[in-house]
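Student: Listed in order, the protein sequences are those of chains A and B.
In terms of our numbering, the first sequence has 117 at position 117, counting the first letter as 1, and numbering is strictly consecutive.
In terms of our numbering, the second sequence has 477 at position 40, counting the first letter as 1, and numbering is strictly consecutive.
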Amino acid sequence: MSSSFPRRALLKGAALGGLATTGALSGCSSGPPPGTATWSMWSSSPEENRVWADFGRYVERRMHIRSASTLTPSDGYPTKLDLQLVSGTAGMVTALNGWLIPTYASRGAHRPLDDLIAADPDFDLDDFYPAIRSISSFADHTYAIGFDVAPTVLYYNRTLLERNGVDPPSPTEPMSWDTFRDLAIELSKPKDQYGFTCAPTIDDLVSWIYCAGGDVLDGDRDTSPLDAPEALQAIHYVVDLFVKDRVTPPIDNLVAQNASGASLANFLQGNVAFMQNGPWQVLNVRKAPFTWDIVPFPAGPAGSTPRVSGSGFAIPSGVKDDDLDLAWRLLKTLTSTGALNIYARAGRNNPARVSAASAFEPPPANLGIVQRILKGEVAGGHPFNVTTNWNRVRLLLGQDLPRAFLGQVSAREAIDGVMPRLNALMRQHRDAVRQAT
Amino acid sequence: MAVETPAAATAAPRRPPRGPLRRPRFWRHGSETVAAWLFLLPSLAGFLVFTAGPVVAAGVISLLDWNLFSPPHFIGLDNFARLGPDTTFWSALGNTAYFTFVSVPLTLLVSLGLALLLNQGLRRMAVFRSLLLLPYATITVAVAFVWVWLYIPHDGLINAVLGAFGIDGPAWLVSDDWAMPALILMSVWKSFGFGMVIFLAGLQVIPQQLYEAARVDGASPWRTFRAVTLPLLSPSVFFTVVTSIIGSFQVFDQALVMTDGGPGSSTTTLVMYIYRTGFQNYEQGYAAAQSMVLFAFIVVITAAQFLLQRRLVHYDL
């Protein structure tokens, strides 16, 4: 027996089926079940993914509940987090890079943790390095609990130095700026070999500014001290390394140079003697096909006081009631000594807790200087102080400073050009702080 | 006594009478109309939710001071008032206009040239057509990354080729003078395939008799192109110009990947500035106001093109 299926009926069926499918899909919800420990984190490599997977297992083992992490590549993490926070779909605990903490805190996106800390006698905030406690605070309130903290250091290509008959720098005594410059020039002599690499951005430049005794922001004034003699001296010094001394790889692309891994890519090619970067790159530099190590950042007029950066976990303001209790327990677990030992053993970065610091083990041989710098035993550091509108400061300087690094304008011209707009942002920052307090 | 005639008995209406009592067309063709609406509904719903809705929402948000996290405040037209003294906004608009008014004519010329070439009856035309359409079919971000490598001043392919002719190529993407032309060049390469396909389709429906008549009349190739090809291709040109200008005013991804708006703000486009205002500076209201201005620009330019269409576009000879 044959049956006919009219075309019109088929089309009607298809239309109704399409509508039904659309309706069914729009009604679906893919969120984790209630009681799940949800947390957000950036992750840009398989190595990092493994670390966070280990964290997830650690959470499940310690808390006896399901852990659900949302991992996002670091470049897109802030935007995704913004949308999650606004839509109420963010995890109950979210990772925050230290430079974003004032931004979120001043806008009320995350809650202060002081009441939770005070009500929890088991939680020992003193086990965290002072630098990360400073970075995680805004307006005298703690907004995050750190999971890593580290000063900027100087990586060097030991193979390249040996090939050029240069002794490795001291792991305890920072080089002076003059010594560093001479060495960088000496190591740049062969074609396509360079003495130094860093990104032509404020995030890298700020370490030199701190070492010169300068700063980008001054909380007591309406104006930025970026045009003060100390800051200008540092900017001139670094710009000269690019333009006058020509010890750096040529800047081919501003986007790549702005990316955090650009100087790393230069260094990993094996023809760069020194790289300015943090110990958070140890995991990646271990892939280098040459021997290398780290030493303290070169000492300027104010000593070796590069930027100390860190990251922490925070709780969004929308987390309340029972979820808040779970969020606090999750946050404590994610920043516990056990979890940070996982983090440090993987070589991801120096952990924020003193009690977990020993897990961040060599290679390289000098890795111990990271903890010694944080303890003040070797060289020093300066917490990375940022504004509540650091995105805008970063964007402004990121657009105008590269012209100096490219030799299109002088360092002085570049700074003079941005100062009016920079000062306007400083006033906006001061107003935001005043409103938040 | 009135007797009902057989004719009267058989005249009883089988359908409702014409006039006010007649069922409307919708019901007369009910099942077909319902089916049509069912098919249209997903598309219509998508348009309302993802196009018309956001435009209306942007209009409302443009009247607010809203940083995403705190409750919004109504501030009337203050966000629009901020646009006047915002030099970066006008600079971004200028960059976008520069990009549009250079890249669109260039793209059209390349597209038309290739379409005319392919229309000559080349063998394996489908292969050439597919190959030439590949750049358009490729994701912009991927294409942009490849062009970043091509543009590298010291080791890039473009400067290597220029060097072979004794030309010292510029530092393309980091040069004040060359960054925007470099973006335009990449965009022309990326986009010409779309126009080429439209033009090719237009060329292939032009009646051959017209060309034969022109040949009999002794018209030169250029005269034939001007008098026959171009007028009959004008609807295709019009469509391509309108869509290209709208697309160019919304240029974003290639500029973000290749130059990040730099050096300085020489390649910062309006959509890039809107994105930064909204999602990096957390000024949703101000970003929405900028979006509305961009929307107005596009509407005005498109309306002007439709007005010009009456004089310049020919749908028959």
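Where is the CB? At the ideal position from N, CA and C, for every residue including glycine.
Please read all numbers here as calculations on a predicted model, not as lab measurements.
1. Does any residue of chain B have a CB that is nearer than 8 Å to the CB of A109(A)?
2. Using a Cβ-Cβ cut-off of 6 Å (strictly less than) and excluding sequence neighbours within five positions of A411(A), which residues of its own chain qualify?
3. Is the CB of P447(A) under 8 Å away from at least one CB in chain B?
4. For a test of the three-state rule: what should DSSP assign to G496(B), helix, strand or coil?
5. Output needed in chain order: residues of the segment 570-584 of chain B with a Cβ under 7 Å from some Cβ in chain A.
6. Taking the beta carbon of E173(A) as the centre, do at least 16 other beta carbons fall within 10 Å, making it buried, or is it exposed?
7. Rounded to a whole number of angstroms, what is the C-alpha to C-alpha distance between A650(B) and F636(B)?
8. Scan the segment 592-634 of chain B and note each continuous alpha helix (DSSP H) run of 4 residues or more that stays entirely inside, going in chain order.
9. Note down, in chain order, all residues in the segment 481-505 of chain B with a beta-carbon under 7 Å from any beta-carbon belonging to chain A.
10. Along chain B, in chain order, which residues have C-beta atoms closer than 7 Å to that of D82(A)?
11. For R111(A), which residues from the same chain have a beta carbon less than 6 Å from its beta carbon, with the 5 sequence-adjacent residues on both sides left out?
12. Quick one: is T696(B) near chain A, going by C-beta distance under 8 Å?
13. Taking its Cβ as the centre, do 16 or more other Cβ atoms sit within 10 Å of H591(B), making it buried, or is it exposed?
14. Which term fits L81(A), buried or exposed, when burial requires 16 or more other beta carbons within 10 angstroms of its beta carbon?
15. In or out: F538(B) buried (at least 16 other Cβ within 10 Å) or exposed?
16. When Cβ atoms are compared, which residues of the segment 132-148 of chain A fall closer than 9 Å to chain B?
17. Scan the segment 150-193 of chain A and note each continuous beta strand (DSSP E) run of 3 residues or more that stays entirely inside, going in chain order.
18. Quick check on DSSP: helix, strand or coil for I251(A)?
19. Quick one: residues in its chain with C-beta nearer than 6 Å to the C-beta of S528(B), no 5 flanking neighbours on either side, listed in chain order?
20. What is the DSSP secondary structure of M426(A), counted as helix, strand or coil?
21. Counting only C-beta atoms, is G531(B) closer than 8 Å to chain A at any point?
22. At 9 Å on the CB atoms, spell out the chain A contacts of L610(B), in chain order.
23. May I ask you to list the residues that DSSP assigns as paired with P225(A)?
24. Would DSSP call M562(B) helix, strand or coil?
25. Report the option in F290(A), T305(A), I342(A) whose CA atom is closest to the CA atom of A160(A).
26. Please list, in chain order, the chain B residues whose beta carbon lies closer than 7 Å to that of L264(A).
27. For the 8 Å Cβ check, are there 3 or more pairs between the segment 699-715 of chain B and the segment 604-618 of chain B?
28. Are the C-beta atoms of L422(A) and some chain B residue less than 8 Å apart?
29. Run down chain A in chain order and give the residues with a C-beta less than 9 Å from the C-beta of S702(B).
30. Can you pull the chain A residues whose beta carbon is under 9 Å from the beta carbon of R663(B), in chain order?
31. Note down, in chain order, each residue of its chain lying with its Cβ closer than 6 Å to the Cβ of F360(A), except the 5 sequence neighbours on either side.
32. With burial defined as no fewer than 16 other Cβ atoms inside 10 Å of the residue's Cβ, what is the status of A719(B): buried or exposed?
33. Name the DSSP bridge partner or partners of H141(A)?
34. Kindly give me the distance between the Cβ atoms of G76(A) and T38(A), rounded to whole angstroms, as I take these residues to be in contact under 8 Å.
35. What span of residues does the alpha helix (DSSP H) with D697(B) cover, start to end?
36. Would you mind sorting V393(A) into buried or exposed? The rule is 16 or more other CB atoms within 10 Å of its CB.
Tutor: Looking at the coordinates:
1. yes
2. I235, H236, V239, A404.
3. Because chain A here runs from 1 to 437, residue 447(A) falls outside it and cannot be looked at.
4. helix
5. Taking 7 Å as the Cβ-Cβ cut-off against chain A, none of the residues of the segment 570-584 of chain B qualify.
6. exposed
7. 22 Å
8. The segment 592-634 of chain B contains, as complete alpha helix (DSSP H) runs of 4+ residues, the segments 594-601 (chain order).
9. N504, L505
10. L505, F716
11. I315, S317
12. yes
13. With fewer than 16 other Cβ atoms inside 10 Å of its own Cβ, H591(B) counts as exposed.
14. buried
15. exposed
16. none
17. If we require 3 residues or more, the beta strand (DSSP E) runs fully inside the segment 150-193 of chain A come out as 153-157.
18. coil
19. S702
20. helix
21. no
22. D252, N253, L254, V255
23. DSSP lists no partner for P225(A).
24. helix
25. Here residue 160(A) is Leu; the residue named in the question, Ala, does not match the sequence. That would be F290(A), whose Cα lies nearest to the Cα of L160(A).
26. Under the 7 Å cutoff, chain B gives no residues; its nearest Cβ is about 17 Å from L264(A).
27. yes
28. no
29. Q399, D400
30. By Cβ distance, chain A contributes nothing, its closest Cβ being about 44 Å from R663(B), past 9 Å.
31. A344, N350
32. Rather than Ala, the amino acid found at residue 719(B) in this sequence is Tyr. It is buried - the Cβ of Y719(B) has at least 16 other Cβ atoms within 10 Å.
33. F138(A)
34. In fact, because the Cβ distance is near 19 Å, the residues do not count as touching under 8 Å.
35. That residue, D697(B), is in no alpha helix (DSSP H); it is neither H nor E in DSSP.
36. buried
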